[in-house]
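S.K.: Shown below is the structure under consideration.
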Amino acid sequence: MAAAATLRSASAAAATRAALQGGLRRLGTVAEAEAEAEREGGARWELSAAREYYDYRKSIYGGVTHRALLVDAVGTLVVPAQPTAQVYKSIGEKYGVKYSEEEILARYRRAYEQPWGRSRLRYVDDGRLFWKHIVTSSTGCSDVHYFEELYQYYITEKAWKLCDPDAENIFKSLRKAGVKTAVVSNFDTRLRPLLHIMKCDHWFDAVAVSAEVCRLYGHFWNIIYSF
Numbered sequence: 003m004a005a006a007a008t009l010r011s012a013s014a015a016a017a018t019r020a021a022l023q024g025g026l027r028r029l030g031t032v033a034e035a036e037a038e039a040e041r042e043g044g045a046r047w048e049l050s051a052a053r054e055y056y057d058y059r060k061s062i063y064g065g066v067t068h069r070a071l072l073v074d075a076v077g078t079l080v081v082p083a084q085p086t087a088q089v090y091k092s093i094g095e096k097y098g099v100k101y102s103e104e105e106i107l108a109r110y111r112r113a114y115e116q117p118w119g120r121s122r123l124r125y126v127d128d129g130r131l132f133w134k135h136i137v138t139s140s141t142g143c144s145d146v147h148y149f150e151e152l153y154q155y156y157i158t159e160k161a162w163k164l165c166d167p168d169a170e171n172i173f174k175s176l177r178k179a180g181v182k183t184a185v186v187s188n189f190d191t192r193l194r195p196l197l198h199i200m201k202c203d204h205w206f207d208a209v210a211v212s213a214e215v216c217r218l219y220g221h222f223w224n225i226i227y228s229f
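First residue of the sequence shown: 3, per our numbering; consecutive thereafter.
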């Protein structure tokens with residue numbers, strides 16, 4: 003009896019080892035089944051994560067998976083070379099501007115955050131109406147010559163700098179890989195000449211400016227979708 007029991011036990015152990023080595027799942031308890039399901043779920047998650055990382059690397063280093071890259075102008079491609087309040091004050095002093103930079107900044111923010119009616123929609127055409135209101139509200143100066151000097155200053159290379167000094171190489175690499183590039187912005191109509199002055203207009207296949215179609219949405223986005 004004891005010998006037979008030992009043989010059966012040895013046989014069962016051998017069968018178990020064979021099943022495990024052959025990659026077969028033996029029938030067992032509910033807990034074992036749940037544990038195996040959890041392992042399989044973890045493996046699927048790891049595979050999905052690996053695939054995402056592979057796609058990410060592929061998009062950067064080769065076999066680019068995206069058709070186009072759209073970038074904003076201010077804050078993504080270029081940024082002001084000096085703080086706005088500093089520029090308003092330094093240029094405005096000869097026109098009688100007395101506010102400190104801190105006061106100008108606070109007044110600028112209040113003016114800029116105001117809701118705008120249809121008659122003062124931001125960035126329509128050259129944006130002069132909007133910016134004239136901002137400058138006057140920020141500095142307390144309504145001198146037309148002051149406004150004009152400020153307005154023209156922001157279309158010079160001195161007023162801006164690239165966010166990334168290596169941007170040109172990045173966009174050239176993207177275009178070489180077959181990715182179309184475009185600037186999409188709610189800037190006013192000074193944007194195109196500004197990009198030209200900054201010597202970066204040729205980096206892009208297209209430039210879309212909302213002010214050129216006199217609205218922030220609607221037809222503007224139809225232009226983008228057709229790109």
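We put the CB at the ideal spot given by N, CA and C, even for glycine.
What is the C-beta distance between Ile157 and Leu196, in whole angstroms, given that I count them as a contact (C-beta under 8 Å)?
M.R.: Rounded, the Cβ-Cβ distance is 6 Å, consistent with contact.
S.K.: For the ligand GTP, is there any heavy atom lying closer than 7 Å to the beta carbon of Ala210?
M.R.: Because no ligand of any kind appears in the structure shown, any question about the ligand GTP cannot be addressed here.
S.K.: So the candidates are Cys202, Leu193, Glu104, Val186; which of them puts its Cα closest to the Cα of Leu71?
M.R.: If we check each option's Cα against that of Leu71, Val186 comes out closest.
S.K.: Who are the near neighbours of Gly94 in its chain, counting only those whose CB is closer than 7 Å to its CB and skipping five residues on each side?
M.R.: Only Thr141, Cys143, Tyr148 meet the Cβ criterion.
S.K.: In three-state terms, what does DSSP make of Thr141?
M.R.: Helix.
S.K.: Where does the unbroken beta strand (DSSP E) through Ser175 begin, and where does it stop?
M.R.: It is not in any beta strand (DSSP E) - Ser175 instead sits in the alpha helix (DSSP H) that spans 169-178.
S.K.: Apply the 10 Å Cβ neighbour rule to Asp190 and answer buried if 16 or more other Cβ atoms are within range, or exposed otherwise.
M.R.: Buried, by the Cβ-count rule.
S.K.: Per DSSP, what are the beta-bridge partners of Ala208 in this structure?
M.R.: In DSSP, Ala208 forms a bridge with Ala184.
S.K.: Check the DSSP bridge columns for Pro82 and list the partner residues they point to.
M.R.: According to DSSP, Pro82 bridges with Trp162.
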